[in-house]
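Student: Structure provided below as structure tokens; questions to follow.
Protein chains: 2
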Amino acid sequence: MDRLIEKIKKFMNPTVVGLDPKLAYIPNYMKKESLDSFGNTFKAAADCIVKFNMQIIDAICDVVPAVKPQMAYYELYGYDGILALYKTISYAKSKGMYVIVDGKRNDIGTTMEAYSRAYLGKTELFNGEKHSAFDGDSLTINGYLGSDGISPLLNDCLEYDKTIFVLMKTSNPSSGELQDRQFKDDESVYEHMGNMCEKWGKDTLGEYGYSKVGAVVGATYPDELRKLRLKFPHTFFLVPGYGAQGGSAEDVVSAFKDGVGAIINSSRAVLCAWQKNDCEPFQFAEQARKEAIRMKNDIVARL
Amino acid sequence: MDRLIEKIKKFMNPTVVGLDPKLAYIPNYMKKESLDSFGNTFKAAADCIVKFNMQIIDAICDVVPAVKPQMAYYELYGYDGILALYKTISYAKSKGMYVIVDGKRNDIGTTMEAYSRAYLGKTELFNGEKHSAFDGDSLTINGYLGSDGISPLLNDCLEYDKTIFVLMKTSNPSSGELQDRQFKDDESVYEHMGNMCEKWGKDTLGEYGYSKVGAVVGATYPDELRKLRLKFPHTFFLVPGYGAQGGSAEDVVSAFKDGVGAIINSSRAVLCAWQKNDCEPFQFAEQARKEAIRMKNDIVARL
């Protein structure tokens, strides 16, 4: 996790901007350009998504250390959308940003190896030659299948200096239906998942004491966040739910210890700042930057 | 689930072939063709994967009711791989096969809506126009996030006559690390997931008594399979783990009640039959058909 932590320290900004580019967030003039070029197609949608993302990245890359593209919003446009994801990842990396691919992938061992190679490692082509398919810095993971589904990722994390974030306690209203239930020894499902994260990460600790196996813990459950920060000292947290989902800066500070240990995500509030602030469409990137800086200050002031 | 059940009845064959096309499974002469056309690229890999899948589909589509492409093996080749997935789904559907997209997707509500539209429903483009991105018949799902992550899928399942399969008890060796743990009331995590499946599906029961919310239960845990079949009478089972993973026909029969209630998956044993039987590479499709028929007979004889 050192590479991410160092970027956070450099910018003194423990936040990540979620690139969840719904068409409704994109200014009409950009959509019109793509529509004129490619008609009412997935290709047109993908085209304006890439342009939108690139301008957002340009506007925030000197103040925000990381972006988190949410795969669903790219898969929505078929293979054109996946090409847009690829271009977004490449562009963000070319600007020095740390890219957390939010795919919440999960499967049995052999299949997880394929996901791991696709997003973190390298894909073997013909005659053993290896190429990167997406080359993200990190991938979000669902740990429901246990250790088999994690081991292949650890190999690539070590070989290519990458990380994963495993779902522990998610930010959505129904997360408790399974995650809050308690086992006979009083441990909850999400605590059990946290224990597994500590175990999976134990041989990958970095300079700052955090392993390559982080966890997703929602800002919308601040009491759990506080408890989990103390309980899992080597697990770095990716915290969604700040802003549009209802989590406040006060809620997220408990994810930190001595000012480190977490990165807070905001997607909608940054991407839609121009709409929320009733600005001109062409101001979308400038407004995203303003909101990203406001968010940084909001959180850093409380650390 | 009626559409799938009817296809199963028509062929008297409760099996599905997993399309997990590793390059190692594909005959060299096919790989050479693609390599000659496109060089050592993702495009070449995707090209021979599509050709391989199409010949497998041609060889089995009059005896097997369904295919299950595993997304990881397409994502491995970037957007070229996703184009191969799209072509595979379209081709299988054009041959009348039921397509279960094995993506084990999961996320919070708004994001799940995007996954649901991508794989089961339709994507809204510009001016409200809607197009299908992948148009699968079914999608596998991880239910760790609870009901919010399921509701958007149910809407598309009802509107477009699709289904989902939620992971209950998976076939991998470490599945028990979380799934077997028991809550204070003696219920295990996988039973809890099964109860949620019954609840999520309750308003979508079809003619055969099964809902649109199926569940994944591994053949490698036959005792659990038997127990779960009795406990969850409205939940149709997708059963991986037969064949290469070690599950036998005796193991999987307990997934059925009165001859229905489940579909058994085999991937490797079918795709690699030509290698296992030491046949000529050009016989791969014919050998896949033979293995698919052998598997059908193996299972049907015990129902």
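Just so you know, the protein sequences line up as chains A and B, in that order. Start counting the first sequence at 602; every next residue gets the next number (my numbering). Start counting the second sequence at 602; every next residue gets the next number (my numbering). C-beta: ideal position from N, C-alpha, C; glycine also. Nothing here was measured: the structure is a model prediction, and the numbers come from that model.
1) What do you reckon, are the CB atoms on V617 (chain B) and N866 (chain B) nearer than 7 Å?
2) So Q783 (chain A) contacts chain B; which residues on that side make the cut at Cβ distance below 7 Å?
3) So if I threshold CB-CB distances at 8 Å, which residues from the stretch 723-744 of chain B count as touching chain A?
4) Which residues of chain A have a Cβ atom closer than 8 Å to the Cβ of S550 (chain B), listed in chain order?
5) Tell me which residue opens and which closes the beta strand (DSSP E) that N866 (chain B) is part of.
6) Give a yes or no on whether 7 Å exceeds the smallest Cβ distance from E760 (chain B) to chain A.
7) For the alpha helix (DSSP H) containing F639 (chain A), list its first residue and its last residue.
8) As a quick exercise: from B:V854, B:P882, B:E887, pick the residue whose alpha carbon is nearest that of N614 (chain B).
9) Comparing the C-beta of Q673 (chain B) with each C-beta of chain A, is any distance below 7 Å?
10) Between K694 (chain A) and chain B, is any beta-carbon pair separated by less than 7 Å?
11) Report the rounded CA-to-CA distance for Y630 (chain B) versus P882 (chain B), giving the unit in angstroms.
12) For T771 (chain B) and chain A, any beta-carbon pair shorter than 7 Å?
13) To the nearest whole angstrom, what separates the beta carbons of M794 (chain A) and V767 (chain A), a pair I think is in contact under 8 Å?
14) Could you give the distance in angstroms between the alpha-carbon of R895 (chain B) and the alpha-carbon of P823 (chain B)?
15) Which one or two residues does DSSP pair with I765 (chain B) in a beta bridge?
16) Do the stretch 711-720 of chain B and the stretch 753-772 of chain B touch if we need at least three Cβ pairs shorter than 8 Å?
17) How far does the beta strand (DSSP E) with L620 (chain B) in it reach, from first residue to last?
18) Quick one: does Y680 (chain A) have its CB under 7 Å from some CB of chain B?
19) Using a C-beta to C-beta distance shorter than 8 Å, which residues of chain A count as neighbours of H793 (chain B)?
20) Within 7 Å (strictly less), CB to CB, does I683 (chain A) reach chain B?
21) Flag A734 (chain A) as yes when its Cβ comes closer than 6 Å to any non-hydrogen atom of the ligand GTP, and as no otherwise.
22) Am I right that Y811 (chain A) and F837 (chain A) are in contact with their C-beta atoms under 8 Å? What's the rounded C-beta distance?
23) For a test of the three-state rule: what should DSSP assign to E725 (chain A), helix, strand or coil?
24) Expressed to the nearest angstrom, what Euclidean distance is found between the alpha-carbon atoms of I657 (chain A) and F885 (chain A)?
25) What do you get for S695 (chain A), buried or exposed, if any count of 16 or more other CB atoms within 10 angstroms of its CB means buried?
26) Are there 16 or more other CB atoms within 10 angstroms of the CB of E851 (chain B), so buried, or fewer, so exposed?
27) DSSP three-state label for P666 (chain B), please.
28) Could you give the residue range of the beta strand (DSSP E) that holds D603 (chain B)?
29) DSSP three-state call for R782 (chain B): helix, strand or coil?
30) What separation, rounded to the nearest whole angstrom, lies between the Cα atoms of P666 (chain B) and L686 (chain A)?
31) Which two residues bound the contiguous alpha helix (DSSP H) that contains L686 (chain A)?
32) Over what stretch of residues does the beta strand (DSSP E) that includes F883 (chain A) continue unbroken?
33) For the stretch 686-712 of chain B, list every residue whose C-beta sits within 9 Å of some C-beta in chain A, in sequence order.
34) Just the chain B side, please: which residues come within less than 9 Å of M797 (chain A) by C-beta, in chain order?
35) For N743 (chain A) and N743 (chain B), which I take to be in contact (beta-carbon distance under 8 Å), what is that distance rounded to the nearest angstrom?
36) Which of the three DSSP states, helix, strand or coil, is assigned to Y822 (chain B)?
Tutor: Short version:
1) yes
2) F784, K785
3) T724, E725, L726, F727, N728, E730, H732, A734, F735, N743, G744
4) Because chain B here runs from 602 to 904, residue 550 (chain B) falls outside it and cannot be looked at.
5) 863-867
6) no
7) 629-639
8) B:V854
9) A quick correction: the sequence has Ala, not Gln, at residue 673 (chain B). It does: the Cβ of A673 (chain B) has a partner Cβ on chain A nearer than 7 Å.
10) no
11) 8 Å
12) yes
13) 7 Å
14) 21 Å
15) B:L740, B:V814
16) yes
17) 616-620
18) yes
19) L779, R782
20) yes
21) Absence of the ligand GTP from the depicted structure is noted, as is the absence of any ligand whatsoever, leaving it without description.
22) 4 Å
23) strand
24) 8 Å
25) exposed
26) exposed
27) coil
28) Per DSSP, D603 (chain B) belongs to no beta strand (DSSP E); it is in the alpha helix (DSSP H), 603-612.
29) coil
30) 34 Å
31) 679-695
32) Taken as a continuous stretch (DSSP letters only), F883 (chain A) belongs to no beta strand (DSSP E), as it is neither H nor E.
33) L686, Y687, D703, G704, K705, R706, N707, D708, I709, G710, T711, T712
34) E778, L779
35) 5 Å
36) coil
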